[in-house]
Amino acid sequence: MKYSRWFLIPVLFTSLLAAGCWPHTTGPTEVGVRTIKLGITGKRGVEPRYYAPGSTYFFMPIINDWHTFDLNLQTMEMTFDPRRGDLRARDDLLFKTIDGNDISLDVIIQYRISPAKAPYILQNVAENDELLRQNVVRAVVRSRPRDIFGELKTEGFYISEQRQDKAEKARAALNEILNPYGVNVERVSTKDYRFNPAYQQAIEDRKVAEQLAEKNKAQARAVTEDYLRRVQDAQGEVNKVVAEADGEFARAGL
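Counted the way this note's numbering counts, the sequence shown spans residues 37 to 290.
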């Protein structure tokens with residue numbers, strides 16, 4: 037008797053269940069990690085390998101545990117605005133600049149886990165993605181970047197290149213700490229920043245004054261250049277008159 041392959045699938049599934057196995061799956065962007073609770077079929081503990089995305093694996097229930105970790109790029113936004121970001125509350129970084137002024141800074145961290153480190157994460161760091169995010173990644177990224185961005189002088193925050201240099205330095209520093217835990221920080225970026233309102237107004241007033249001073253200098257240069265041009269034009273007219281007089285004098289034979 038011939039059986040279609042669609043008929044054989046439930047038969048196979050039933051046979052596996054009868055043999056004491058149970059399906060464990062990984063999503064298309066997940067890796068799985070198996071923990072052997074009883075050493076019947078292998079050594080007890082977290083198995084030192086990960087199971088590939090988008091697959092189904094069969095293990096005996098009860099004596100095995102199964103955990104999955106997401107490989108997608110994760111974004112953690114720490115911002116002043118409670119309507120956005122990782123928390124529904126104010127979550128920006130607060131610190132002092134190197135010249136002693138208070139500042140708050142919105143920071144975005146993007147990271148992902150290393151698939152090969154998933155067994156290590158489960159055994160030594162966190163049981164799932166959320167615990168890894170809150171207990172490890174968040175704790176580190178709210179601490180180390182403060183020190184690095186705090187190396188800037190107050191007015192350095194107005195210069196995007198200086199902010200970007202510190203963001204790259206923060207990324208490298210975070211990876212020194214988090215890479216051993218299986219986390220790779222791919223990008224650190226900054227958004228809005230806020231000073232003490234009185235100090236920020238003073239900075240804005242000074243920048244306006246500097247712009248006015250530059251404008252006045254430019255106007256003074258323009259006046260000077262116009263004066264020199266007029267002198268040169270006048271000198272040209274004088275030279276022309278002198279030349280004409282000399283010509284008349286020569287023609288008169290004097």
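From the three backbone atoms N, C-alpha and C, an ideal C-beta is built for every residue, glycine too.
Owing to the predicted nature of the structure, the values given are computational and were not obtained by experimental measurement.
Leu44, DSSP secondary structure in three states: Looking up residue 44 in the sequence shown gives position 8. Note that Leu44 scores a pLDDT of 49, beneath 50, so its modelled location is shaky; the value from the coordinates is reported in the next line. Helix at Leu44.
Continuous beta strand (DSSP E) stretch holding Gln170: start and end: For this step, residue 170 is matched to residue 134 along the sequence shown. Premise fails: Gln170 is in no beta strand (DSSP E) and is neither H nor E.
Where Thr190 falls: helix, strand or coil (DSSP): Taking the sequence shown and counting its residues from 1, the one referred to as residue 190 is at position 154. Helix at Thr190.
Contact belief for Pro89 with Val69 at Cβ below 8 Å, rounded distance in angstroms: By 1-based counting over the sequence shown, the position of residue 89 is 53. By 1-based counting over the sequence shown, the position of residue 69 is 33. Approximately 13 Å separates the beta-carbon atoms of Pro89 and Val69; this is outside 8 Å, ruling out the contact.
Beta-carbon contacts of Arg120 that lie in its chain and below 8 Å, excluding the five residues immediately before and after: Against the sequence shown, residue 120 aligns to sequence position 84. Contacts found: Glu113.
Val161: first and last residue of the uninterrupted beta strand (DSSP E) it sits in: As a working mapping, residue 161 is identified with position 125 in the sequence shown. Unbroken run through Val161: none, as it is neither H nor E.
Per-residue DSSP class, three states only, for Glu250: Your numbering for residue 250 matches position 214 in the sequence shown. Note: Glu250 maps to helix in three-state DSSP.
Segment contact, 8 Å Cβ cut-off, at least three pairs: the stretch 104-118 with the stretch 127-138: These segments touch.
The stretch 190-207 in contact with the stretch 153-171 per 3-pair CB rule at 8 Å: When C-beta atoms of the stretch 190-207 are compared with those of the stretch 153-171, fewer than three pairs fall below 8 Å, so the two segments do not count as touching.
Cβ-Cβ separation, Tyr147 to Glu291 (assumed contact under 8 Å), whole Å: Only positions 37 to 290 of the chain appear in the structure, and residue 291 is not among them; the question remains open.
Residues that DSSP places opposite Met114 in a beta bridge: Mapped onto the sequence shown, residue 114 falls at position 78. In the DSSP output, where bridge partners are listed per residue, Met114 has Val143.
Exposure of Gln271, with buried meaning 16 or more beta-carbon neighbours within 10 Å: Counting from one through the sequence shown, the residue named residue 271 turns up at place 235. It is exposed - the Cβ of Gln271 has fewer than 16 other Cβ atoms within 10 Å.
Coarse secondary structure for Lys205, derived from DSSP in three states: Looking up residue 205 in the sequence shown gives position 169. Helix, per DSSP.
Neighbour-count burial assignment, Val244, 16 or more Cβ in a 10 Å radius: Against the sequence shown, residue 244 aligns to sequence position 208. Burial call: exposed.
Residue of Leu123, Pro233, Val82 and Tyr87 minimising C-alpha distance to Pro64: Residue 64 sits at position 28 when you count from the first residue of the sequence shown. That would be Tyr87, whose Cα lies nearest to the Cα of Pro64.
Environment of Leu123 [buried if 16+ CB atoms lie within 10 Å]: One-based indexing of the sequence shown puts residue 123 at position 87. When all chains shown are included, Leu123 counts as exposed.
DSSP-derived helix/strand/coil call for Ile72: Along the sequence shown, one-based indexing puts residue 72 at 36. In the displayed model, Ile72 falls within a strand according to three-state DSSP.
Rounded C-alpha distance that separates Leu141 from Thr133: For the purposes of this step, residue 141 is taken as the residue at position 105 of the sequence shown. For the purposes of this step, residue 133 is taken as the residue at position 97 of the sequence shown. The C-alpha of Thr133 is placed about 11 Å away from the C-alpha of Leu141.
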